[in-house]
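Chemist:
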Amino acid sequence: MVAIRARARFGSSSAGGGIVIPIAVPLLAEEEADAARAAVLSGWVSQGPQVAAFEREFAALVGAPHACAVANCTTALQLALAALDIGAGDEVITVSHSFIATANVIRHQGATPVFVDIDPETYNLDCTRLVEAITEHTRAIIAVHQMGMPCDMAALLPIARRHGIAVIEDAACAAGSQIRMNGEWEPIGKPHGDIACFSFHPRKVITTGEGGMLTTANAELDRKFRLLRQHGMSVPDTVRHNSSSVIFEEYVVLGYNYRMTDMQAAIGRKQLERLPELVARRRAVAAKYAEQLGNLEGLRLPTEPTWARSNWQSYCVRLPDRLDQRIVMQHLLDDGIATRRGIMCAHREAPYYDVTQDQDLRQSELAQDRAILLPIYAQMSAEDTSKVSAALRAELER
Ligand SMILES: *Cc1c(COP(=O)(O)O)cnc(C)c1O
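Each residue of the sequence shown is one higher than the last, beginning at 195 in our numbering.
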């Protein structure tokens, strides 16, 4: 169907003669290139009709009443906090065990991050430890669906509601993931909290190069996202462009330029068409890993809780304690197989050294230090999957 491409461009300059199996490869083909070309030639290249269409199609796909496209997921998360008026003096609960952007947006809004440890089974916020982190200053929870595995929203939402706290889902990795709520399988993004934020970075399941999306059921929040992403401008330029009468705009709030371009949105629309197939192919790779690695002594594989269906944005395995993470990764790299260590912990990075932390983050730290991410992407061949499994098996049996 689609030619395998981009492999050479992901080659590494590392010793050992380059990567044979990269950690991730986006699936981009002629359809995306044609769509970007058409957007360029249309003459409208900033946020315009392609962005509007991408938003409608994304909203329909996840079953959200509103979807607002932005420059990336980091800006989406920041706008989510801004639209909820979260700032100085407010506390936002989240996990340290996430890409650093999750914590950074809290700081950029002037609020205080409060880190809760993870459940080692799902690598997501441990909802049994949530209540102890809530104070009178808590205004929001950022629930991360880490690596595409849904966070336990059925446990989290009642606690948030009881305390009157807003819920933002960091769904950066989770386009195409599903969660069973009230007996139904529903797409992540519906949203289940107040706002869900997605990323279209090339490391995610669908990509626009850079890109983000906010979904919400709240029309007032959606209106705020649209104002804030475009300088607080009362009348978008698309409206002025199409108007037969002169319109003077106003700048009604302090906004930002967080727009997506029409070239990116045109690519995103093609990626959305592929999403079900991309997820199905990733599920097949994950199933193969589970079959080939399942009986290895001491290796912990990722498993879906009965209420979750991952899009398998990443495949994260936990090494037995007797193995050194870096050495295993180096041996795989020497075999031409790229891996990554477990998801980082923000509290171990310089901007967060000063966070006063009540809760121990032992499981978060263990996950960073003991887990490795294996290559997974839609066009990964069965042969390559087997090669990775065999190399990892050799490490465990060494
Ligand atoms: C990738 C990622 C982000 C940031 O997304 P960008 O689109 O690169 O800004 C935020 N949170 C998590 C959990 C991510 O994985």
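Don't be surprised by glycine CBs; every beta carbon is placed ideally from N, CA and C.
#1: What three-state label does DSSP hand T500 in the structure shown?
#2: Around the C-beta of D388, are 16 or more other C-beta atoms found within 10 angstroms, so that it is buried, or is it exposed?
#3: For N376, which of helix, strand or coil comes out of DSSP?
#4: For R463, I'd like the list of residues in its chain whose CB is within less than 8 Å of its CB, leaving aside the five on either flank, ordered along the chain.
#5: Using DSSP bridges, identify the partner residues of V549.
#6: Taking the C-alpha atoms as reference points, what is the distance between R520 and Y452?
#7: Just to confirm, is the Cβ distance from A327 to I287 under 7 Å?
#8: Are the Cβ atoms of I217 and A532 separated by less than 7 Å?
#9: Report yes or no: do the segment 232 to 241 and the segment 363 to 380 share at least 3 C-beta pairs separated by less than 8 Å?
#10: Should the segment 413 to 422 be called in touch with the segment 254 to 265, which here means at least 3 C-beta pairs below 8 Å?
#11: Taking C-beta to C-beta, are G324 and I362 nearer than 7 Å?
#12: Cutting at 6 Å between CB atoms, please list the residues of its own chain near T306, excluding the five before and the five after it.
#13: Three or more C-beta pairs under 8 Å: does that hold for the segment 545 to 565 against the segment 502 to 514?
#14: Applying the criterion that 16 or more other CB atoms from any shown protein chain within 10 Å of the CB defines a buried residue, is L586 buried or exposed?
#15: If you check the beta carbons only, do G297 and A540 fall under 7 Å apart?
#16: So R333 is in the beta strand (DSSP E); what residue range does that whole segment cover?
#17: Can you tell which of A481, V582 and E491 has its C-alpha closest to the C-alpha of L526?
#18: Less than 6 Å between C-beta atoms, sequence neighbours within five positions excluded: which residues of the same chain meet that for A474?
#19: E444 by DSSP, collapsed to three states: which one?
#20: Closer than 6 Å: is that where the CB of G406 sits relative to any heavy atom of ligand 1?
#21: Since G530 is in the alpha helix (DSSP H), which residue starts that stretch and which ends it?
#22: Considering only heavy atoms of ligand 1, does any lie closer than 6 Å to the CB of H395?
#23: Evaluate contact between the segment 329 to 346 and the segment 488 to 504, counting only Cβ atoms and requiring at least three cross-stretch pairs below 8 Å.
Modeler: Let me lay it out:
#1: coil
#2: buried
#3: coil
#4: A229, Q244, A247, F248 and E251
#5: For V549, which the question treats as bridged, DSSP gives no partner whatsoever.
#6: 38 Å
#7: yes
#8: yes
#9: no
#10: yes
#11: One point to set straight first is that residue 324 is Leu, not Gly, in the sequence displayed. For L324 and I362, no; Cβs fall outside 7 Å.
#12: E285
#13: yes
#14: buried
#15: Checking the sequence, you will find Ala at residue 297 rather than Gly. Their beta carbons are under 7 Å apart, which means A297 touches A540 by this criterion.
#16: T332 to V338
#17: V582
#18: none
#19: coil
#20: yes
#21: Unbroken run through G530: none, as it is neither H nor E.
#22: yes
#23: yes
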